[in-house]
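For the sequence shown, UniProt numbering gives the first residue as 1, with consecutive numbering after it. Cβ atoms here follow ideal geometry from the backbone N, Cα and C, with glycine treated the same way. Here the structure is laid out as structure tokens; the discussion comes afterwards.
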Amino acid sequence: MTTGITSAVSRLEGLIDTSIAAMKASASIDDKALADAKGRALLELSRLGHYRPGDDEQLLEQVRRLRTKLATEEKLLMRRLEAARVIAEIVTEAVLAEESDGTYEPRPRMMSGLEALQ
Numbered sequence: 001m002t003t004g005i006t007s008a009v010s011r012l013e014g015l016i017d018t019s020i021a022a023m024k025a026s027a028s029i030d031d032k033a034l035a036d037a038k039g040r041a042l043l044e045l046s047r048l049g050h051y052r053p054g055d056d057e058q059l060l061e062q063v064r065r066l067r068t069k070l071a072t073e074e075k076l077l078m079r080r081l082e083a084a085r086v087i088a089e090i091v092t093e094a095v096l097a098e099e100s101d102g103t104y105e106p107r108p109r110m111m112s113g114l115e116a117l118q
């Protein structure tokens, strides 16, 4: 039984490592495929969930390491979500400004690239 749960935790740890490495490198991530793989790993762990590690220090250390990696992944995912929110906000403001005909509000003056940098 220990081998099964150790293998499942190792697979999940590998997926988390892949996710962290891709986010740190700003690499393209197939979110759906990664989420599906994590889901399968978590399902496997939940099926083994009734097992209690007891005195298996190696497994306990593996779970501690996984928790640390999950916390790191969470922080990176939160940054990624915040960046997406900021970009969506910028795009929304640009589209609204472009579509405004000035009927209800004055149309904002568009700055040139050089003006924006100053």
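Under the three-state DSSP convention, the category residue i falls into
i: G49; result: coil
i: D56; result: coil
i: S7; result: helix
i: residue 127; result: An answer regarding residue 127 cannot be provided, because it is not within the stretch 1 to 118 covered by the chain.
i: I87; result: helix
i: A25; result: coil
i: D30; result: coil
Beta-carbon spacing of residue i, residue j below 7 Å
i: L72; j: I5; result: Residue identity check: residue 72 is Thr in the sequence provided, not Leu. In this structure, I5 does not lie closer than 7 Å to T72 by Cβ.
i: K32; j: L15; result: no
i: L64; j: A41; result: The sequence shown places Arg at residue 64, rather than the Leu named in the question. Result no, Cβ atoms of R64 and A41 do not sit closer than 7 Å.
Residue i versus residue j: straight-line alpha-carbon distance, rounded
i: V95; j: E57; result: 57 Å
i: R47; j: E82; result: 34 Å
i: E89; j: D36; result: 29 Å
i: R67; j: I29; result: 22 Å
i: S26; j: V86; result: 17 Å
i: E99; j: L34; result: 38 Å
i: L76; j: L45; result: 24 Å
i: A97; j: A84; result: 20 Å
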